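Asks: Pasting a structure here, questions to come.
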Amino acid sequence: MQLQIRLAWWSPWNSRSRRGKNGFTLIELLIVVSIIVILIGIAAMKYDQVVQHSKEAVLKSDLRTLRDAIDHYTLDKQAAPQSVDDLKQAGYLRDVPVDPMTQAKDWVPQFDSVVLSPDQTSTGMVDVHSNSSRVSPFEHTPYNEW
């Protein structure tokens, strides 16, 4: 019994030693609040990076889809499309995708006189790019050069 009493007497949570202290000190509260603010700041920066990375992934996917549709249209019709809307009207796209960087359907077509097959009768759009001139923070190139 004496051993238990002595251990309780030396315990930092002993009611005798905390007598008169009913809450937290201002320093303790400031430390906890500052740690929470730092963690929120780190999470917010990470969130912005994840959102930007996902927009870039959608842009790459949309560009790949549009370029495949241009190639299929050109090989099937033996003539290159003259606009992105031609791809939709011909049924190669359900809808023209929205550029995730500009939030609009404002793709920039690239025209050239290159033919994909010897049977191709006319030239037209051969590629498409984003209309955004912003630079990717991950790849360090402008989006309109992708």
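Under the working numbering, the sequence shown has 1138 at position 128, and the numbering climbs by one with no breaks. Think of the CB as a built atom: it goes at the ideal place given N, C-alpha and C, for glycine as much as any other residue. These numbers come from a predicted model, not from an experiment.
1) Give the secondary structure of His1150 by DSSP, where H, G and I count as helix, E and B as strand, and everything else as coil.
2) On the three-state DSSP scale, how would you describe Val1124?
3) Identify the continuous beta strand (DSSP E) that holds Gly1051 and give its terminal residues.
4) Out of Phe1148, Asn1141 and Pro1128, point me to the one whose CA is closest to Gln1061's CA.
5) Considering just the uninterrupted stretch of the beta strand (DSSP E) at Val1138, what are its terminal residues?
6) When burial is assigned at 16 or more other CB atoms within 10 Å of the CB, is Asp1129 buried or exposed?
7) Got a sec? Which residues, its chain only, sit under 6 Å from Leu1103 by beta carbon, not counting five neighbours each side?
8) Would you kindly work out how many angstroms separate the C-alpha atoms of Thr1131 and His1082, rounded to a whole number?
9) The alpha helix (DSSP H) that contains Gln1092, what's its start and end?
10) In whole angstroms, what is the alpha-carbon distance linking Ala1114 and Val1108?
11) Which residues share a DSSP beta bridge with Val1118?
12) Comparing alpha-carbon positions, which option in Val1125, Val1124, Ser1123 and Thr1112 lies nearest Leu1069?
13) How about Thr1084 and Leu1049: do their beta carbons lie closer than 8 Å?
14) Taking the alpha carbon of Val1136 as the point to measure from, which residue in Trp1117, Tyr1057 and Lys1065 has its own alpha carbon closest?
15) Quick one: Cα of Phe978 to Cα of Ala1053, how far?
Replies: With the given structure in hand:
1) coil
2) coil
3) Careful: Gly1051 lies outside any beta strand (DSSP E), inside the alpha helix (DSSP H) at Leu1036 to Lys1087.
4) According to the sequence displayed, residue 1061 carries Val and not Gln. Minimum Cα distance to Val1061 is reached at Phe1148.
5) Gly1134 to His1139
6) exposed
7) Ala1079 and Leu1097
8) 15 Å
9) Careful: Gln1092 lies outside any alpha helix (DSSP H) and carries neither H nor E.
10) 5 Å
11) His1139
12) Thr1112
13) no
14) Trp1117
15) Here the chain covers residues 1011 to 1156 and nothing more, so residue 978 does not appear.
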